[in-house]
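Student: One structure, as structure tokens, below. Some questions next.
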Amino acid sequence: MRSLKLWMVLRLYGVENLQSYIRKHIQLAKRFEQLVLSDSRFEVVTPRNFSLVCFRLLPPTSEDDNGRNLNYSLMDTCNSSGKIFISHTVLSGKFVLRFAVGAPLTEEKHVDAAWKLLQDEASKIDLRKST
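Numbering (the working numbering), first residue to last: 54 to 184.
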């Protein structure tokens with residue numbers, strides 16, 4: 054049954070269009086990964102895999118939960134905005150945010166807007182922590 058689904062996608066898109074679609078999403082994920090790497094408040098936790106970037110907001114060294122609450126708060130705030138959806142996982146004991154490019158109409162401007170929202174919300178969290 055799974056092969057029928059793949060066959061149908063190949064019939065609808067064609068091999069070249071499917072390759073182009075996947076390559077575009079990989080490029081967008083590379084862009085997001087570079088944006089994360091450019092901000093010292095964040096880290097890429099694992100190498101980007103296809104169109105998935107696993108990253109986190111680095112916690113202050115004094116934080117007991119290794120940044121779990123900090124990153125959960127960032128994820129929850131961004132998801133509650135209705136502008137983006139970020140999922141999470143735990144890797145090597147670290148609470149990690151997952152940015153996945155997958156929607157057919159996603160463009161560079163959407164990736165940039167998602168990154169801006171994450172940066173803005175991270176700044177608000179930093180301000181709350183310092184007061």
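Yeah, the Cβ is synthetic: ideal placement off N, Cα and C, and Gly gets one too.
Taking the beta strand (DSSP E) that R94 falls in, what are its first and last residues?
Tutor: Stepping through the sequence shown from its first residue, residue 94 is reached at position 41. Premise fails: R94 is in no beta strand (DSSP E) and is neither H nor E.
Student: If L81 and V149 are in contact, beta carbons under 8 Å, what's the gap, nearest whole angstrom?
Tutor: Sequence index remark: in the sequence shown, residue 81 carries index 28 (1-based). Sequence index remark: in the sequence shown, residue 149 carries index 96 (1-based). About 19 Å; that fails the 8 Å criterion.
Student: Buried or exposed for A167, going by 16 or more other Cβ atoms inside 10 Å?
Tutor: Within the sequence shown, the letter at position 114 stands for residue 167. Answer is buried; the Cβ neighbour count reaches 16.
Student: Suppose contacts are defined by Cβ-Cβ distances below 9 Å. Is T114 in contact with L144 by that definition?
Tutor: Against the sequence shown, residue 114 aligns to sequence position 61. Against the sequence shown, residue 144 aligns to sequence position 91. No.
Student: Alpha carbon to alpha carbon, how far is D179 from Q87? Give it in angstroms, no decimals.
Tutor: Start at 1 with the first residue of the sequence shown, and residue 87 comes out as number 34. Start at 1 with the first residue of the sequence shown, and residue 179 comes out as number 126. So the two alpha carbons sit approximately 22 Å from each other.
Student: For H141, I'd like the list of residues in its chain whose CB is within less than 8 Å of its CB, leaving aside the five on either flank, ordered along the chain.
Tutor: As a first step, residue 141 is located in the sequence shown; it is residue number 88 there, counting from the start. Same-chain partners within the cutoff: N124, Y125, M128, F148, V149, L150 and R151.
Student: CA-CA distance, V68 and K58?
Tutor: Residue 68 sits at position 15 when you count from the first residue of the sequence shown. Residue 58 sits at position 5 when you count from the first residue of the sequence shown. Whole-angstrom Cα-Cα distance: 14 Å.
Student: Are the beta-carbon atoms of R109 and E161 separated by less than 9 Å?
Tutor: Walking along the sequence shown from the start, residue 109 turns up at place 56. Walking along the sequence shown from the start, residue 161 turns up at place 108. No. Outside cutoff.
Student: In this structure, how does DSSP classify V154 when only helix, strand and coil are distinguished?
Tutor: For the purposes of this step, residue 154 is taken as residue 101 along the sequence shown, with counting starting at 1. DSSP places V154 in coil when its eight states are reduced to three.
Student: Check this for me: beta carbons of I75 and S104, under 9 Å apart or not?
Tutor: Along the sequence shown, one-based indexing puts residue 75 at 22. Along the sequence shown, one-based indexing puts residue 104 at 51. Contact flag set, yes.
Student: So what's K136 in DSSP terms, helix, strand or just coil?
Tutor: Reading the sequence shown from its first residue, position 83 is the one you call residue 136. The answer is coil: DSSP assigns K136 none of H, G, I, E or B.
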